[in-house]
Amino acid sequence: MPEILDQARTQVLENGVGLDEAGVLAVLRLPDEHLPAALQLAHDVRMRWCGPEVEVEGIVSLKTGGCPEDCHFCSQSGLFASPVRSVWLDIPSLVEAAKQTAATGATEFCIVAAVRGPDERLMKQMREGVAAIRAEVDIQVAASLGMLTQAQVDELVAMGVHRYNHNLETCRSYFPNVVTTHSWEERWETLTMVRASGMEVCCGGILGLGETVEQRAEFAAQLAELDPHEVPLNFLNPRPGTPLGDRPVVEGRDALRAIAAFRLAMPRTILRYAGGREITLGDLGTRDGLLGGINAVIVGNYLTTLGRPADSDLALLEELKMPVKALSATL
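Under full-length UniProt numbering, residue 331 is the last one in the sequence shown; the count climbs by one each step, no gaps.
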């Protein structure tokens, strides 16, 4: 067995201490013949430090499209010739989406808006929407509204939003190649405020943006430093009309190597399958990832791309004897 896996067995599996950047890079560089062993070790780490339960989440876009930022992967930017146009979701539709999400057994419902940060109109929608959901649906409400002020952080806490998603998207050194209208440091500042507020921090990113394998290791190390409650792991699904619309899809084995490496960097973190897994991994690869460190999934569709049907994911979890996290356990 490669030396890095022997090291990880002692350091991560037995002692619960994640790999550093150099260790993550060594896992990302493992030859294909050692990938099954890396996935098995990552699964063992997940089972020891997180347990067998899988957290299921649904997401809905409260405000879609028309975003002023230039994130090069995103079809919701108003700066690109992509097909997503600006749309707002009304409160009854938001509540209905939460009900449908809860019906799948999901414990998390995340309200997302394509904005640089929330204005008063969006915060008003959030106040009304979260109150309406909490009155009718037994589900945890999370939010993803871009960069925040301290006052907005405090207001979200007062509403009862328990988890905030704000992805760093990629490592600090590569970020200027992906976004130019705001900085990596601005995102980090929001995440620092969210953590200090007591809300859970959800922070991940997208692999396949053109970063090197060394930069993937850098990204894993920076996420481990942040120590988020949850890391959504996306794989680029190139969107027509965006600057990254012609990029190739991440190769399946590289995606699985990344799943194992990120788990070995963050043994106690919820590691969530997010966008792009369908085209990157397919059904068989999705199974391999769930047996290789993943312990959470987004069910149904994403913001601008289609996902797997919720019942397909739930059936796979049942087949793998991975219980869906009970709502009562999170309240």
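Where a beta carbon is used, it is the ideal one built from N, C-alpha and C, also for glycine. Keep in mind that this is a model prediction, so the values were computed, not measured.
(request) Would you please verify whether the beta carbon of Met-159 is less than 8 Å from any beta carbon of chain C? (result) You won't find chain C in this structure, because it holds only one protein chain.
(request) Return helix, strand or coil for Arg-163, following the three-state DSSP convention. (result) strand
(request) Pull up the distance between the alpha-carbon of Ala-103 and that of Glu-214, whole angstroms please. (result) 41 Å
(message) Per DSSP, what are the beta-bridge partners of Ser-144 in this structure?
(response) Residue pairing for Ser-144: DSSP places it in a beta bridge opposite Val-112.
(request) Taking Ile-133 and Phe-109 to be in contact with their CB atoms under 8 Å, please state how far apart those CB atoms are, rounded to whole angstroms. (result) 7 Å
(request) Using beta-carbon positions only, say whether Arg-257 and Leu-35 come within less than 8 Å of one another. (result) yes
(request) Pick helix, strand or coil for Ile-206, following the three-state DSSP scheme. (result) strand
(request) Could you have a look at Arg-85 and say whether DSSP puts it in helix, strand or coil? (result) With a pLDDT of 42 at Arg-85, under the threshold of 50, the predicted position of this residue should be treated as unreliable, and no value is reported.
(request) State yes or no: is the C-beta of Val-157 within less than 8 Å of the C-beta of Gly-208? (result) no
(message) Quick check on DSSP: helix, strand or coil for Ile-270?
(response) It is a strand residue.
(request) Please work out which residues of its chain come closer than 8 Å, Cβ to Cβ, to Glu-136, disregarding the five sequence neighbours upstream and downstream, and give them in chain order. (result) Hits under 8 Å: Val-95, Ala-98, Lys-99.
(request) Name, in chain order, the residues that DSSP records as bridge partners for Gly-58. (result) Note: Gly-58 sits in a beta bridge opposite Phe-109.
(message) Using a Cβ-Cβ cutoff of less than 7 Å, which residues in the same chain neighbour Val-12 once the five nearest sequence positions on both sides are dropped?
(response) Excluding five sequence positions before and after Val-12, the CB atoms of its chain that fall closer than 7 Å to its own CB belong to Gly-18, Leu-19, Val-45, Leu-264, Pro-267, given in chain order.
(request) Answer yes or no: do Leu-244 and His-72 have a C-beta to C-beta separation smaller than 8 Å? (result) Leu-244 is a Cβ neighbour of His-72, given a cutoff of 8 Å.
(request) Please name the residue in Val-141, Met-47, Asn-167, Phe-219 whose C-alpha comes closest to that of Ser-173. (result) Phe-219
(request) For the region 230–304, list the beta strand (DSSP E) runs that are entirely contained and at least 3 residues long, ordered along the chain. (result) 230–235, 270–273, 296–298
(message) Applying the 10 Å Cβ sphere with the 16-neighbour rule, what's the burial state of Pro-228?
(response) buried
(request) Can you tell me the Cβ-Cβ gap for Arg-272 and Ala-296, rounded? I've got them flagged as a contact below 8 Å. (result) 4 Å
(request) Please list, in chain order, all residues of the same chain as Glu-186 whose beta carbon is under 8 Å from its beta carbon, the five residues on each side excluded. (result) Met-147
(request) Compute the Euclidean distance between the alpha carbons of Ala-26 and Ile-4, then round it to the nearest angstrom. (result) Cα-Cα distance, rounded: 7 Å.
(message) With DSSP as the reference, identify every bridge partner of Val-201, one or two as the case may be.
(response) Tyr-164
(message) Quick check: what's the CA-CA separation for Thr-212 versus Val-178?
(response) 13 Å
(request) State buried or exposed for Gly-293, treating a residue as buried only when at least 16 other CB atoms are found within 10 Å of its CB. (result) The residue is buried, with at least 16 neighbouring Cβ atoms inside 10 Å.
(message) For a test of the three-state rule: what should DSSP assign to Val-130, helix, strand or coil?
(response) Helix at Val-130.
(message) With the cut-off set at 8 Å, would you say Ile-259 and Ala-42 are in Cβ contact?
(response) In this structure, Ala-42 lies closer than 8 Å to Ile-259 by Cβ.
(message) Can you tell me which residues form a DSSP beta bridge with Val-324?
(response) Val-54
(request) Compute the Euclidean distance between the alpha carbons of Thr-107 and Gly-58, then round it to the nearest angstrom. (result) Roughly 8 Å between the two C-alpha positions.
(message) Quick check on the DSSP output: the alpha helix (DSSP H) that includes Arg-46 runs from which residue to which?
(response) Residues 35–49.
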